[in-house]
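Participant: Can you read through this structure? Questions will come right after.
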Amino acid sequence: MTDSVTKSSVTTIYIPRDTTALAMGADLLATEIAAEAATRGETVEIIRNGSRGLFWLEPLVEVETASGRIAYGPVESKDIDSLFDQAFLTGETSHPLCQGLTEEIPYLKKQQRLTFARAGITDPVSLEHYQQLDGFNGLKKALQMDGQGIVDEVKTSGLRGRGGAAFPTGIKWQTVLDAKSTEARNGNQDQKYIVCNADEGDSGTFADRMVMEADPYMLIEGMTIAGLAAGADQGYIYLRSEYPVAHQILNEAIAKAEAAGFLGDNLLNSGKTFHLEVRLGAKAYICGEETSLLESLEGKRGMVRSKPPLPALVGLFGQPTIVNNVLSLAAIPYILSQGGQAYANYGMGRSLGTLPFQLAGNIKRGGLIELAFGVTLRELLEEYGGGTFSGQPMRAVQVGGPLCAYLPESQWDTPMEYESFQAIGAGLGHGGIVVFDNSVDMSEQARFSMEFCVAESCGKCTPCRIGSTRGVEVIDRIRNDDNRAANMELLEDLCETMIDGSLCAMGGMTPFPVQSAVKYFPEDFNQPKPAAKGSARS
Amino acid sequence: MTAVNEQLLPVVAEIVTGLKHKPGALLPILHEVQNRLGYIPPDAVPLIAESLNQSRADIHGVISFYHQFRTTAPGKHTVEVCRAEACQAMGARQLEAHAKTTLGVDYHGTTSDKNVTLEEVYCLGNCACSPSVRINDEIVGRVTPEKFDQLIDELRSQTLEVL
Ligand SMILES: Cc1cc2nc3c(=O)[nH]c(=O)nc-3n(C[C@H](O)[C@H](O)[C@H](O)COP(=O)(O)O)c2cc1C
Ligand code: SF4
Ligand code: FES
Numbered sequence: 000m001t002d003s004v005t006k007s008s009v010t011t012i013y014i015p016r017d018t019t020a021l022a023m024g025a026d027l028l029a030t031e032i033a034a035e036a037a038t039r040g041e042t043v044e045i046i047r048n049g050s051r052g053l054f055w056l057e058p059l060v061e062v063e064t065a066s067g068r069i070a071y072g073p074v075e076s077k078d079i080d081s082l083f084d085q086a087f088l089t090g091e092t093s094h095p096l097c098q099g100l101t102e103e104i105p106y107l108k109k110q111q112r113l114t115f116a117r118a119g120i121t122d123p124v125s126l127e128h129y130q131q132l133d134g135f136n137g138l139k140k141a142l143q144m145d146g147q148g149i150v151d152e153v154k155t156s157g158l159r160g161r162g163g164a165a166f167p168t169g170i171k172w173q174t175v176l177d178a179k180s181t182e183a184r185n186g187n188q189d190q191k192y193i194v195c196n197a198d199e200g201d202s203g204t205f206a207d208r209m210v211m212e213a214d215p216y217m218l219i220e221g222m223t224i225a226g227l228a229a230g231a232d233q234g235y236i237y238l239r240s241e242y243p244v245a246h247q248i249l250n251e252a253i254a255k256a257e258a259a260g261f262l263g264d265n266l267l268n269s270g271k272t273f274h275l276e277v278r279l280g281a282k283a284y285i286c287g288e289e290t291s292l293l294e295s296l297e298g299k300r301g302m303v304r305s306k307p308p309l310p311a312l313v314g315l316f317g318q319p320t321i322v323n324n325v326l327s328l329a330a331i332p333y334i335l336s337q338g339g340q341a342y343a344n345y346g347m348g349r350s351l352g353t354l355p356f357q358l359a360g361n362i363k364r365g366g367l368i369e370l371a372f373g374v375t376l377r378e379l380l381e382e383y384g385g386g387t388f389s390g391q392p393m394r395a396v397q398v399g400g401p402l403c404a405y406l407p408e409s410q411w412d413t414p415m416e417y418e419s420f421q422a423i424g425a426g427l428g429h430g431g432i433v434v435f436d437n438s439v440d441m442s443e444q445a446r447f448s449m450e451f452c453v454a455e456s457c458g459k460c461t462p463c464r465i466g467s468t469r470g471v472e473v474i475d476r477i478r479n480d481d482n483r484a485a486n487m488e489l490l491e492d493l494c495e496t497m498i499d500g501s502l503c504a505m506g507g508m509t510p511f512p513v514q515s516a517v518k519y520f521p522e523d524f525n526q527p528k529p530a531a532k533g534s535a536r537s
Numbered sequence: 000m001t002a003v004n005e006q007l008l009p010v011v012a013e014i015v016t017g018l019k020h021k022p023g024a025l026l027p028i029l030h031e032v033q034n035r036l037g038y039i040p041p042d043a044v045p046l047i048a049e050s051l052n053q054s055r056a057d058i059h060g061v062i063s064f065y066h067q068f069r070t071t072a073p074g075k076h077t078v079e080v081c082r083a084e085a086c087q088a089m090g091a092r093q094l095e096a097h098a099k100t101t102l103g104v105d106y107h108g109t110t111s112d113k114n115v116t117l118e119e120v121y122c123l124g125n126c127a128c129s130p131s132v133r134i135n136d137e138i139v140g141r142v143t144p145e146k147f148d149q150l151i152d153e154l155r156s157q158t159l160e161v162l
């Protein structure tokens, strides 16, 4: 209202501190923009927000204006001068890097963001920002309810675990709520645990990382609600050590939440307690498997345990334990604050709510797209992804991580939901989508699947431990055209042995990418292309 | 050798004392030892085993299970190249070959000037801007062979400044 607006007004600039933004130069950029502003006598406040997940535009710089936040990206050091010259601080939109109002960018606007509603908007560790955008409303509701009431709300939501197996979260929570920890062996009475699986080992996935880096309080809130539901007062986030930025941000957020009474003893003066600690993994893919993860948390080698007993009954240190993926827990604050039904109104069939799809690999516009289940892969690849990065035609798409199938173009119209994917022998996993252009050699990809299993098998069962090594050798012979027909048959046998004889999905699913490569891309294995179905043994 | 380890052992003892009360303390202890010393000296194993009331074989078994833990001193900087699928789709195979040639070492090897240790990694969560490389705690995206060389040059010149 004063007339000295131009002199004293502070312009707010947002520059993300997300891993991908940093990997594209965001830190240096923030320093340089601050320096340039100082040189020009402009007063700016730079907020280091999370990413919106529009990774092809990172570093995405946003300027707060009267009409909303205006986006510029991807911004490099060499663009800073021209941005200032073209008055980007006043929201002037003529600069070639200007993307207009951030919220109006179609890639973002068309999404259905429930879990990622705050991502990229706020400073991830600001408790004030979090609360301004509905943060802790779910927790406040949960504090008014009993454990059963909370579990019922989660059941109503239809939420299924987002870590890969798609098991109903409400049922898992019910099991832990009903479990009598006094029956557990350790003499450690009434102890239950909440464990967040933040191992996110699948290539092409980064939604967990984004939650932790862009909106860590949402995960903290989700885990605290889980603690209230099940009667657990201790939680652990098992985080992969490959995520140093997430580690830093989570620790900052936990410390602040504790200091403000959102964590720790006497939560919000309710008399309830919930403690939370981050534990780092040490580069082992198998530690994403829940029982192996628990072994690792206990300070052991990450060897898979046989089930039963379920971790819900005999979990961490022998006590009843909820193990959930980051995205499953991150969906909880919305479900509690808006009601389970509001969440269940999204999705199709038995796949309710939204899935954050992650577009990666050889793709022009890679990033995070949260939509209700049911969108087709082709829509994601074409409308959002905009084709390949290389400009060459797409050839194969691996959906669901390194243990899931490679899909040829004929399958790209399948709706993205659990049952439809199962029907074509594919999986959604954690929602990761990795695109390959026509330069890919699918026999090389198949070989890598086996090689990855060699490196990452926990070693407990022979088909997985030894079979994968044999798999690499057999594929090498096929690639060398050495006794090809016999080796193709051997490979098929080996895959079936691994599927049938492995204790967990590491050995049991490694054959899926291999078999799909053979089936849909036979020419890469020196096989004739028109692979009529009669050729294989049944 | 022994002289060096004698200096290191008090550090290990201090770390173990500080962390052993935690439930499942072994991984936090191993991480902290490696953070402070760069590796886990084999001489530290008996000390850790004794404090946690476990056998040396148990501790050794854990160290060798995880790809991250090492029992020899690394170079000044650790460079990890992502080998996973999203990076493969953007040329990671060529990039890793280039990295090995330029540095003159294979994975887990350290350059002769002790400056860089090369490691493999399976996904850094930067898959939308692949191929990716991690240098110590910094992740870098869209790494071409030229950009890789530039990053290594920066590491080498940093070392010079320190000297
Ligand atoms: C080899 C293997 C790796 C896995 N990796 C992960 C992972 O990185 N993150 C995750 O949440 N779940 C992973 N899972 C699934 C977990 O075992 C488990 O189903 C999940 O953590 C349960 O949480 P949810 O019900 O919320 O999905 C993996 C499973 C297997 C077999
Ligand atoms: S299938 Fe592989 S990873 Fe899973 S339990 Fe067996 S050996 Fe371990
Ligand atoms: S696959 Fe390389 S960063 Fe994810």
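Residue numbers (numbering that gives the first Met the number 0), protein chains in the order written: chain A, 0 to 537; chain B, 0 to 162. The beta-carbon is built from N, C-alpha and C at its ideal position, and this holds for glycine as well.
1) Within its chain, find whatever has a CB closer than 8 Å to the CB of residue 374/A; leave out the 5 residues flanking it on each side and keep chain order.
2) Between residue 299/A and ligand 2, is there a pair consisting of the residue's CB and a ligand heavy atom that are separated by less than 7 Å?
3) Compare the C-alpha of residue 157/A against each of 354/A, 292/A, 239/A and 505/A and name the closest.
4) Anything in the region 359 to 387 of chain A with a Cβ closer than 7 Å to a Cβ of chain B? List those residues in chain order, please.
5) Does residue 88/B come within less than 8 Å of chain A when only Cβ atoms are used?
6) Pull out every residue of the region 395 to 414 of chain A whose Cβ sits closer than 7 Å to any Cβ of chain B, in chain order.
7) Classify residue 139/A: buried if its beta carbon has 16 or more other beta carbons within 10 angstroms, exposed otherwise.
8) Within its chain, find whatever has a CB closer than 8 Å to the CB of residue 241/A; leave out the 5 residues flanking it on each side and keep chain order.
9) So, does the CB of residue 74/B fall closer than 8 Å to a CB anywhere in chain A?
10) Counting contacts by CB-CB distance shorter than 8 Å, is residue 68/B in contact with chain A?
11) How would you call residue 39/A, buried or exposed, if buried means at least 16 neighbouring beta carbons within 10 angstroms?
12) Kindly indicate the opening and closing residues of the alpha helix (DSSP H) around residue 144/A.
13) Beta carbons nearer than 8 Å to chain A: which residues of the region 12 to 35 of chain B have them?
14) Using a Cβ-Cβ cut-off of less than 9 Å, list which residues of the region 191 to 211 of chain A approach chain B; keep chain order.
15) With a threshold of 6 Å on Cβ separation, who are the neighbours of residue 508/A within its own chain once the five nearest residues in sequence on each side are excluded?
16) Anything in chain B within Cβ reach of residue 13/A, meaning under 8 Å, just list it in chain order.
17) Grouping DSSP H, G and I as helix and E and B as strand, with all else coil, what is residue 51/A?
18) From the DSSP output, in three-state form, read off residue 118/A for me.
19) Have a look at 445/A, 418/A, 366/A and 270/A and flag the residue whose alpha-carbon is nearest the alpha-carbon of residue 395/A.
20) Nearest CA to the CA of residue 387/A: which residue from 49/A, 15/A, 45/A and 55/A?
21) Which term fits residue 20/B, buried or exposed, when burial requires 16 or more other beta carbons within 10 angstroms of its beta carbon?
22) Could you confirm whether any beta carbon from chain B is found closer than 8 Å to the beta carbon of residue 9/A?
23) Going by C-alpha distance, which of 24/B, 35/B and 143/B is nearest residue 73/B?
24) Using alpha carbons as the reference points, say which of 14/B, 76/B and 107/B lies closest to residue 30/B.
25) Just to confirm my understanding: we take residue 153/B, look at its own chain, exclude 5 residues before and 5 after, and list those with CB closer than 8 Å. What are they?
26) I'd like to know whether the C-beta of residue 169/B is nearer than 8 Å to at least one C-beta of chain A.
27) Straight-line CA distance for residue 333/A to residue 59/B?
28) From which residue to which residue does the alpha helix (DSSP H) around residue 250/A run?
29) Note the first and the last residue of the continuous alpha helix (DSSP H) segment covering residue 70/A.
30) Does any CB atom of chain A fall closer than 8 Å to the CB of residue 123/B?
31) Going by the C-beta, is residue 86/B closer than 7 Å to any heavy atom of ligand 3?
32) Are the C-beta atoms of residue 279/A and some chain B residue less than 8 Å apart?
Facilitator: The structure says:
1) So the qualifying residues of the chain are 356, 414 and 415.
2) Because no heavy atom of ligand 2 lies under 7 Å away, the Cβ of residue 299/A does not count as near it: no.
3) For the options 354/A, 292/A, 239/A and 505/A, the alpha carbon positioned closest to that of residue 157/A is the one of 354/A.
4) Taking 7 Å as the cut-off between beta carbons, the residues of the region 359 to 387 of chain A near chain B are 359, 360, 361, 365 and 366, in sequence order.
5) Chain A, which has a Cβ nearer than 8 Å to the Cβ of residue 88/B, makes this yes.
6) When C-beta distances to chain B are compared with 7 Å, the residues of the region 395 to 414 of chain A below that value are 397 and 401, in chain order.
7) It is exposed - the Cβ of residue 139/A has fewer than 16 other Cβ atoms within 10 Å.
8) Closer than 8 Å at Cβ, skipping near neighbours: 282.
9) False, the Cβ-Cβ gap to chain A never drops below 8 Å.
10) Cβ-Cβ to chain A under 8 Å: yes for residue 68/B.
11) Around the beta carbon of residue 39/A, fewer than 16 other beta carbons sit within 10 angstroms, so the residue counts as exposed.
12) Residue 144/A -> no alpha helix (DSSP H), and no H or E assigned at all.
13) Answer set for the region 12 to 35 of chain B: 22, 23, 24, 25, 26, 27, 29 and 30.
14) Against chain B - using a Cβ distance shorter than 9 Å - the residues of the region 191 to 211 of chain A are 199, 200, 201, 202, 203, 204, 205, 207, 208 and 209.
15) So the list reads 402, once near-sequence residues are dropped.
16) Neighbours of residue 13/A on chain B: none; closest Cβ ~19 Å, over 8 Å.
17) For residue 51/A, the secondary structure class from DSSP, reduced to helix, strand or coil, is coil.
18) Looking at residue 118/A - three-state DSSP - the assignment turns out to be coil, as it is neither helix nor strand.
19) Restricting attention to 445/A, 418/A, 366/A and 270/A, the CA atom closest to the CA of residue 395/A is found in 445/A.
20) The shortest Cα separation from residue 387/A among 49/A, 15/A, 45/A and 55/A belongs to 55/A.
21) The residue in question, residue 20/B, is exposed, as its Cβ has fewer than 16 Cβ neighbours within 10 Å.
22) When Cβ-Cβ separations below 8 Å define contact, residue 9/A makes no contact with chain B.
23) The option with the nearest alpha carbon to residue 73/B is 35/B.
24) Nearest C-alpha to residue 30/B: 14/B.
25) Counting only Cβ-Cβ distances below 8 Å, and skipping sequence neighbours, we find nothing.
26) Absent from the structure is residue 169/B, since the part of chain B shown begins at 0 and ends at 162.
27) If I take the Cα positions, the gap works out to 44 Å.
28) Element bounds for residue 250/A: 243 to 258.
29) It is not in any alpha helix (DSSP H) - residue 70/A instead sits in the beta strand (DSSP E) that spans 67 to 71.
30) Residue 123/B has a beta carbon lying within less than 8 Å of a beta carbon in chain A.
31) Short note on residue 86/B: C-beta closer than 7 Å to some heavy atom of ligand 3.
32) Between residue 279/A and chain B, the shortest Cβ-Cβ separation is below 8 Å.
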